[in-house]
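Engineer: Sharing a structure, written as structure tokens. Questions coming.
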Amino acid sequence: MNQPVRLKAKAFKSSVKPIWCPGCGHFSVLNAITKAMAALAMEKDDTVLVSGIGCSSRLPAYVDSYGFHGVHGRGLAIAQGLKVARPDLTVIALGGDGDGFSIGGNHFLHACRRNVNLVYIAMDNEVYGMTKGQASPTTPMDWDHSKLTPHGPGVRPFKPAAVALAAGAPWIARAYSGNPNQMAKMIAEAIEFEGFSFIHVLSQCITYCPEQADWKSIVNERSEPALASADEAAKLFLSEDGFETGLLYRQQRQTWPPTSSIPDNQETALAKLEAKFGA
Ligand SMILES: Cc1ncc(C[n+]2csc(CCOP(=O)(O)OP(=O)(O)O)c2C)c(N)n1
Numbered sequence: 000m001n002q003p004v005r006l007k008a009k010a011f012k013s014s015v016k017p018i019w020c021p022g023c024g025h026f027s028v029l030n031a032i033t034k035a036m037a038a039l040a041m042e043k044d045d046t047v048l049v050s051g052i053g054c055s056s057r058l059p060a061y062v063d064s065y066g067f068h069g070v071h072g073r074g075l076a077i078a079q080g081l082k083v084a085r086p087d088l089t090v091i092a093l094g095g096d097g098d099g100f101s102i103g104g105n106h107f108l109h110a111c112r113r114n115v116n117l118v119y120i121a122m123d124n125e126v127y128g129m130t131k132g133q134a135s136p137t138t139p140m141d142w143d144h145s146k147l148t149p150h151g152p153g154v155r156p157f158k159p160a161a162v163a164l165a166a167g168a169p170w171i172a173r174a175y176s177g178n179p180n181q182m183a184k185m186i187a188e189a190i191e192f193e194g195f196s197f198i199h200v201l202s203q204c205i206t207y208c209p210e211q212a213d214w215k216s217i218v219n220e221r222s223e224p225a226l227a228s229a230d231e232a233a234k235l236f237l238s239e240d241g242f243e244t245g246l247l248y249r250q251q252r253q254t255w256p257p258t259s260s261i262p263d264n265q266e267t268a269l270a271k272l273e274a275k276f277g278a
């Protein structure tokens, strides 16, 4: 009997050439995703990458799977709808810190709370890269590189992991673009986790924030196992500097919708809709 051919990571890349700047951390995220897809021998046809708008949100075009380049801040809404309608698919939502924590902040909160079984990768470069370097929700208070905030935004940065925990996310990890192997392992684990898995990626933008090249000396790869207590995780997320990497918190809970809760008539309605669109 013929063995199925195992694809290498490169085979999961599309023929579209990324237009990111040299040194952009988003290249590492692309590499980590394709490595994870190869390691799990994933089916291209059963995988969908969904994004919002931003440099980071261009990523679905660079992967040879199904993809949806959505609307700014709305990637998670689309991804959740897709997963609920097609639970057989592996759904990976992607975006940047502006996309996910500013315009899409409300969707982020409710995705954590709702716990639909999908992966959410937020590529945090602490800046709006695509629109040429304005402050985002995670920009440090005194970051003074933008003409719009000449003395820095002067507002405390948002803490994505702490907010995710408070909103109910059951699986929270942090990766760094300088360590794509750790990130690939994490993405594979996130795909296999049954529930909403949130990966906060420190993804450097050395074009607008050249100081982020120093992140390599600040990140700390945690050796401790993931915390299972929300109290302990809250203590960690509120006290750390935001540079602890690894799987930080894991606490399985009921996903939405519960598998048995899709009523027959909803399935019929879906079938009718699909027939109408010739699916
Ligand atoms: C409704 C709407 N508002 C604003 C914009 C302009 N816009 C495009 S990308 C972007 C920010 C992107 O920043 P981020 O999500 O951090 O991603 P990055 O480009 O840094 O990867 C903004 C404000 C838009 N496209 N649509």
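At position 241 of the sequence shown (counting the first as 1) the number is 240 in the working numbering, and the numbers step up by one without a gap. Every residue, glycine too, gets a C-beta built ideally from N, C-alpha and C. Fair warning: this is a prediction, and the values are worked out from it, not measured in the lab.
1) At what residue ranges does the region 170–252 contain a whole run of the alpha helix (DSSP H), taking only runs of 4 or more?
2) Leaving out five residues before and five after Gln253 in sequence, what residues of the same chain have Cβ atoms less than 8 Å from its Cβ?
3) Determine the closest residue to Glu210 out of Glu125, Gly94, Gly95, with distance taken between C-alpha atoms.
4) Could you check how far apart the C-beta atoms of Cys208 and His144 are, in whole angstroms? I think they sit under 8 Å.
5) How many Å lie between Val118 and Phe107 at the Cα?
6) Here's the rule: buried if 16 or more other CB atoms are within 10 angstroms of the residue's CB, otherwise exposed. What is His150?
7) Fully enclosed by the region 9–80, which alpha helix (DSSP H) runs are 4 residues long or longer?
8) How many angstroms separate the CA atom of Thr138 from the CA atom of Pro152?
9) For a test of your reading of the model: does the CB of Ile52 fall under 7 Å from any non-hydrogen atom of ligand 1? Yes or no.
10) Can you tell me whether Thr89 is helix, strand or coil according to DSSP?
11) Taking Ala160 as part of the alpha helix (DSSP H), name the residues at either end of that continuous run.
12) In whole angstroms, what is the alpha-carbon distance linking Trp255 and Ile171?
13) Do the region 163–178 and the region 229–249 make contact, defined as three or more Cβ pairs closer than 8 Å?
14) Going by DSSP in three states, Val4 sits in which element: helix, strand or coil?
15) Do Ser56 and Ser50 have their beta-carbon atoms positioned less than 8 Å apart in this structure?
16) Could you compute how far the alpha carbon of Asn30 sits from the alpha carbon of Gly241?
17) Using only the alpha-carbon positions, how far apart do Pro179 and Val28 sit?
18) Report the partner residues of Gly95 according to the DSSP bridge assignment.
19) Sorted by chain position, which residues of the same chain lie with C-beta nearer than 8 Å to Met140's C-beta, five sequence neighbours on each side aside?
20) Output needed for Ala232: all residues of its chain with C-beta closer than 6 Å, excluding positions within five of it in sequence on either side, in chain order.
21) Starting from Phe107, trace the alpha helix (DSSP H) in both directions and tell me its first and last residue.
22) Please find out if some non-hydrogen atom of ligand 1 comes closer than 7 Å to the beta-carbon of Gly128.
23) Taking Lys158 as the reference, which of Phe11, Gly277, Glu243, Ala8 has the closest Cα?
Structural biologist: The relevant details are as follows:
1) Fully enclosed alpha helix (DSSP H) runs of 4 or longer: 179–191, 214–217, 229–238.
2) Indexing the sequence shown from 1 puts residue 253 at position 254. Closer than 8 Å at the Cβ level, and outside the excluded window around Gln253, lie Asn114.
3) The residue given as residue 210 occupies position 211 in the sequence shown. Cα-wise, what sits closest to Glu210 is Glu125.
4) Residue mapping note: residue 208 aligns to position 209 of the sequence shown, counting from 1. Residue mapping note: residue 144 aligns to position 145 of the sequence shown, counting from 1. The Cβ separation is near 7 Å, so the contact holds.
5) Taking the sequence shown and counting its residues from 1, one reaches residue 118 at position 119. Taking the sequence shown and counting its residues from 1, one reaches residue 107 at position 108. Each residue's alpha carbon lies about 12 Å from the other.
6) Residue 150 sits at position 151 when you count from the first residue of the sequence shown. By the neighbour-count rule (16 or more Cβ atoms within 10 Å), His150 is not buried but exposed.
7) 25–38, all fully within the region 9–80.
8) If you number the sequence shown from 1, residue 138 lands on position 139. If you number the sequence shown from 1, residue 152 lands on position 153. Here the alpha carbons of Pro152 and Thr138 stand approximately 7 Å from one another.
9) As a first step, residue 52 is located in the sequence shown; it is residue number 53 there, counting from the start. Taking the Cβ of Ile52 as the reference point, at least one heavy atom of ligand 1 falls within a distance shorter than 7 Å.
10) The residue given as residue 89 occupies position 90 in the sequence shown. Under the three-state reduction of DSSP, Thr89 is assigned to strand.
11) Working through the sequence shown from its first residue, we reach residue 160 at position 161. First-last of the alpha helix (DSSP H) with Ala160: 159–166.
12) In the sequence shown, counting from the first residue as 1, residue 255 sits at position 256. In the sequence shown, counting from the first residue as 1, residue 171 sits at position 172. Cα to Cα, Trp255 sits roughly 18 Å from Ile171.
13) Enough Cβ pairs lie closer than 8 Å, so yes.
14) The sequence position of residue 4 within the sequence shown is 5, counting from 1. If DSSP states are grouped into helix, strand and coil, Val4 belongs with coil.
15) Within the sequence shown, residue 50 is the residue found at index 51, counting from 1. Within the sequence shown, residue 56 is the residue found at index 57, counting from 1. The answer is yes: Cβ separation under 8 Å.
16) Here the question's residue 30 lines up with position 31 in the sequence shown. Here the question's residue 241 lines up with position 242 in the sequence shown. Cα atoms of Asn30 and Gly241: separation of roughly 23 Å, rounded to the nearest angstrom.
17) What you label residue 179 is simply residue 180 of the sequence shown in a count that begins at 1. What you label residue 28 is simply residue 29 of the sequence shown in a count that begins at 1. Taking the CA atoms as reference points, Pro179 sits about 7 Å from Val28.
18) Translated into positions along the sequence shown, residue 95 becomes position 96. Per DSSP, Met122.
19) Taking the sequence shown and counting its residues from 1, one reaches residue 140 at position 141. Once the five neighbours on either side are set aside, the close Cβ partners of Met140 are Gly151, Pro152, Gly153, Val154, Arg155, Pro156.
20) Along the sequence shown, one-based indexing puts residue 232 at 233. Excluding residues within five positions, the ones whose Cβ falls inside 6 Å are Leu164, Leu226, Tyr248.
21) Counting from one through the sequence shown, the residue named residue 107 turns up at place 108. Per DSSP, Phe107 is one residue of the alpha helix (DSSP H) stretching across 104–113.
22) Residue mapping note: residue 128 aligns to position 129 of the sequence shown, counting from 1. At least one heavy atom of ligand 1 is nearer than 7 Å to the Cβ of Gly128, so yes.
23) The sequence position of residue 158 within the sequence shown is 159, counting from 1. Selection Phe11, Gly277, Glu243, Ala8 evaluated against Lys158 yields Glu243 as nearest (Cα-Cα).
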